[in-house]
Amino acid sequence: MVQGVIRDVGSDTTSSNVSSTASSAAESKAAAVTPAAVPATPKAAAREKKTVRLSFSFKPFFLAILPPVFGIALLILIWEIVAIKTSSFPSPWLTLQEAIKVFADPFYQNGPNDQGIGWNIYASLKRVAVGFGLAAAVGIPLGFLIGRFRFLSGMFNPIISLLKPVSPLAWLPIGLLVFKSAHPAAIWSIFICSIWPMIINTAIGVQRVPQDYMNVARVLNLSEWKIMAKILFPSVLPYMLTGVRLAIGTAWLVIVAAEMLTGGVGIGFWVWDEWNNLNVPHIIIAIVVIGMVGLILEQILVAVARAFTYEDVGT
Numbered sequence: 004m005v006q007g008v009i010r011d012v013g014s015d016t017t018s019s020n021v022s023s024t025a026s027s028a029a030e031s032k033a034a035a036v037t038p039a040a041v042p043a044t045p046k047a048a049a050r051e052k053k054t055v056r057l058s059f060s061f062k063p064f065f066l067a068i069l070p071p072v073f074g075i076a077l078l079i080l081i082w083e084i085v086a087i088k089t090s091s092f093p094s095p096w097l098t099l100q101e102a103i104k105v106f107a108d109p110f111y112q113n114g115p116n117d118q119g120i121g122w123n124i125y126a127s128l129k130r131v132a133v134g135f136g137l138a139a140a141v142g143i144p145l146g147f148l149i150g151r152f153r154f155l156s157g158m159f160n161p162i163i164s165l166l167k168p169v170s171p172l173a174w175l176p177i178g179l180l181v182f183k184s185a186h187p188a189a190i191w192s193i194f195i196c197s198i199w200p201m202i203i204n205t206a207i208g209v210q211r212v213p214q215d216y217m218n219v220a221r222v223l224n225l226s227e228w229k230i231m232a233k234i235l236f237p238s239v240l241p242y243m244l245t246g247v248r249l250a251i252g253t254a255w256l257v258i259v260a261a262e263m264l265t266g267g268v269g270i271g272f273w274v275w276d277e278w279n280n281l282n283v284p285h286i287i288i289a290i291v292v293i294g295m296v297g298l299i300l301e302q303i304l305v306a307v308a309r310a311f312t313y314e315d316v317g318t
């Protein structure tokens, strides 16, 4: 009986060995049928890795840098052609030389009306800050009220539609008549022209708040102040900051035009004074400076909008 058991165990072991041998043979046959991946050489792998890294790092860089560079180069080329064709127009090289002289001492003072370009930019920015701040202090709350209450919306919409298209220069004589001075008249022009984008965008943002939010506030019996602070303000913030960004550009445009007419110290007056002296290179320098300052102001507000809102803000 023991021999029979041993015989059975031996036969089982033999059969398992045969089956394992058969399975290994089948696997080797399958491996022979399916060729294994040939490992890449170290040089080929490094070349492939370098190609992938270059394609992922340099392509976005070139796409971001090359178009603006080509655009500026095209502008300078057109500028050079115009300077060659017109003897009274300065070339880019001559303008660059004059810019180096201007910015070598931007804060000189030779009298109340003879100051460096740095002081003129500073004076203009102070006027813009005051006029823009007053416009924001009045325009944003007024926009909330117009968007919140239909009666106020119907009352102010005709006034806004009538006064918004008026040129900044048309408001300047009213400011001179009322304030009897050039400095507050310029601030008045900034205020009255930059207030409209903030009113309109804030009111639109309030009107686009989902009605479900207002229904929940009504069910919870929230006060008007809590509705403004807890529901309307977070929802309206992207629209409000868009209005602020548009208003700062308008304010910077207005101050340049207003200072040309009122005189004193400011980048607009500096442009007009250089025109009276027929100093065209300085006028071109002022144009570039005005554009750069406006761009910096707008980019600062775009960064603020991106930091405080969840929506994408365009540049």
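Just so you know, we're using our numbering here: the sequence shown kicks off at 4 and counts up by one.
For each residue, glycine too, the CB sits at the ideal point set by N, CA and C.
Sequence-distant residues of the same chain with beta carbon closer than 7 Å to residue i, five excluded per side
| i | result |
| --- | --- |
| Leu298 | none |
| Leu175 | Ala188, Ser192, Ala261, Leu264 |
| Trp327 | Given that the chain is displayed from residue 4 to residue 318, the structure contains no residue 327 and the question cannot be resolved. |
| Pro171 | Ser192, Cys196, Val257, Ala260, Ala261 |
| Phe135 | Ile193, Ser197, Ala250, Ile251, Ala254 |
| Val141 | Ile198 |
Residue i versus residue j: straight-line alpha-carbon distance, rounded
| i | j | result |
| --- | --- | --- |
| Asn224 | Leu137 | 34 Å |
| Val283 | Asp276 | 11 Å |
| Val72 | Phe65 | 10 Å |
| Arg151 | Leu69 | 47 Å |
| Leu80 | Leu99 | 14 Å |
| Ile75 | Trp82 | 10 Å |
| Phe371 | Leu180 | The structure shown does not extend to residue 371, since the chain is modelled only from 4 to 318, so the question has no answer here. |
Boundaries (first-last residue) of the alpha helix (DSSP H) holding residue i
| i | result |
| --- | --- |
| Tyr111 | Run containing Tyr111: none; DSSP gives neither H nor E here. |
| Leu300 | 283-311 |
| Trp254 | A small fix is needed here, since residue 254 is Ala in this sequence, not Trp. 236-265 is the span of the alpha helix (DSSP H), which, as asked, contains Ala254. |
| Val181 | 171-182 |
Sequence-distant residues of the same chain with beta carbon closer than 6 Å to residue i, five excluded per side
| i | result |
| --- | --- |
| Val307 | none |
| Ser156 | Ile149 |
| Ile190 | Arg130, Val133, Gly134 |
Identity of the residues DSSP links to residue i by a beta bridge
| i | result |
| --- | --- |
| Gln118 | Gln112 |
Collapsed DSSP secondary structure at residue i in the structure displayed
| i | result |
| --- | --- |
| Phe152 | coil |
| Arg211 | coil |
| Thr98 | helix |
| Thr205 | helix |
| Lys167 | coil |
| Gly280 | In the sequence as displayed, the identity of residue 280 is Asn instead of Gly. Coil at Asn280, not helix or strand. |
| Asn224 | coil |
| Gly7 | At Gly7, the pLDDT of 46 sits below 50, so the modelled position is not reliable; the number obtained from the coordinates is stated separately. Three-state result, Gly7: helix. |
| Phe92 | coil |
Contacts around residue i, its chain only, beta-carbon distance under 8 Å, and the 5 residues preceding and following it disregarded
| i | result |
| --- | --- |
| Pro93 | Ala86, Glu101, Val283, Pro284, Ile287 |
| Ile163 | Trp199, Ile202, Ile203 |
Residue i at chain C interface by Cβ criterion, 8 Å
| i | result |
| --- | --- |
| Pro168 | In the structure shown, chain C cannot be found, because there is only a single protein chain. |
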